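**Student:** Numbering-wise (full-length UniProt numbering), the sequence shown opens with residue 1 and increments by one.
Could you have a look at this structure, given as structure tokens, before my questions?
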Amino acid sequence: MIEIPSDLHKDLVPLAFLLGNWAGAGVHDFPGSEKCNFGQEVTFGHDGRDFLEYQSHTWVLDNDGNKVRPLESEHGFWRIDADRKVEVTMVRDDGVVEIWYGEMADKKPQIDLVTDAVARTAASGPYTGGKRLYGYVKSDLMWVGEKQTPEVELRPYMSAHLKRVVTPEDVERWAKALPDDMPDDGIAFFK
């Protein structure tokens, strides 16, 4: 279910499917890096202005699904214009700053992005650009990222399947939205 908060900036309504806290797992595989499964937590929030704030934290998982160590962290801001063009500014913990441009698909919650500009600190590894695809599929958020370096052509390197995290505030809000004439036993409601 996609909820559109009453205080969401009107320009961001097409991106409302991203809002909330997400958690899940995925696969990381890129030449020169450790191939691994990873866990991920993502938050898309807003404060009423014309952008979504984005945070992502990933960590390496062992064979039992336990956290081993941090993998990557990202922080950014997402905007969309009237023509469904999306722009993202992002900074990563490894010293990379990126500008992404793309667009939202017509009539479905899917976003394709491509890097337009990349800046790196001296401490960051080689990186020249990337692509990402985000999609809202059966109430889940899925994404795949591609990256390239001077030595490696553009290729997939990370993908994940995320589920919306339900908070106590969500449950309280949903409970308040239930009709007043609910049957006492709760079972009759489903008959």
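Using N, Cα and C, we set each Cβ at its ideal position, and we do this for glycine too.
Since the structure is predicted, the reported quantities are computational estimates derived from the model, not experimental observations.
Need the endpoints of the beta strand (DSSP E) that residue 86 sits in, please.
**Tutor:** 85–92
**Student:** Per DSSP, what are the beta-bridge partners of residue 134 in this structure?
**Tutor:** According to DSSP, residue 134 bridges with 111 and 143.
**Student:** Who are the Cβ neighbours of residue 4 in its own chain at under 7 Å, not counting the five residues just before and after it?
**Tutor:** 13 and 16
**Student:** Taking the beta strand (DSSP E) that residue 44 belongs to, which residues open and close that run?
**Tutor:** 36–45
**Student:** Which residues in the same chain as residue 78 place their Cβ atom closer than 7 Å to its Cβ, once the five residues preceding and following it in sequence are excluded?
**Tutor:** 15, 51, 52, 54, 86 and 88
**Student:** Any chance the CB of residue 119 is under 6 Å from a heavy atom of the ligand SAM?
**Tutor:** Ligands in the displayed structure: none, and consequently the ligand SAM is not present.
**Student:** Please classify residue 154: does DSSP put it in a helix, a strand, or coil?
**Tutor:** coil
**Student:** In this structure, how does DSSP classify residue 3 when only helix, strand and coil are distinguished?
**Tutor:** coil
**Student:** Closest by CA to residue 141, which one among 96, 127, 162 and 116?
**Tutor:** 162
**Student:** Taking buried to mean at least 16 other C-beta atoms within 10 Å of its own C-beta, is residue 82 buried or exposed?
**Tutor:** exposed
**Student:** Is residue 138 near residue 114, with beta carbons less than 7 Å apart?
**Tutor:** no
**Student:** What is the rounded straight-line gap between the Cα of residue 143 and the Cα of residue 40?
**Tutor:** 11 Å
**Student:** Using CA atoms only, rank isn't needed, just tell me which of 42, 84, 157 and 102 is closest to residue 20.
**Tutor:** 42
**Student:** So is residue 2 buried or exposed if we call it buried at 16+ other beta carbons inside 10 Å?
**Tutor:** exposed
**Student:** From residue 127 to residue 145, what does the alpha carbon distance come to, in whole angstroms?
**Tutor:** Approximately 13 Å, taken between the alpha carbons.
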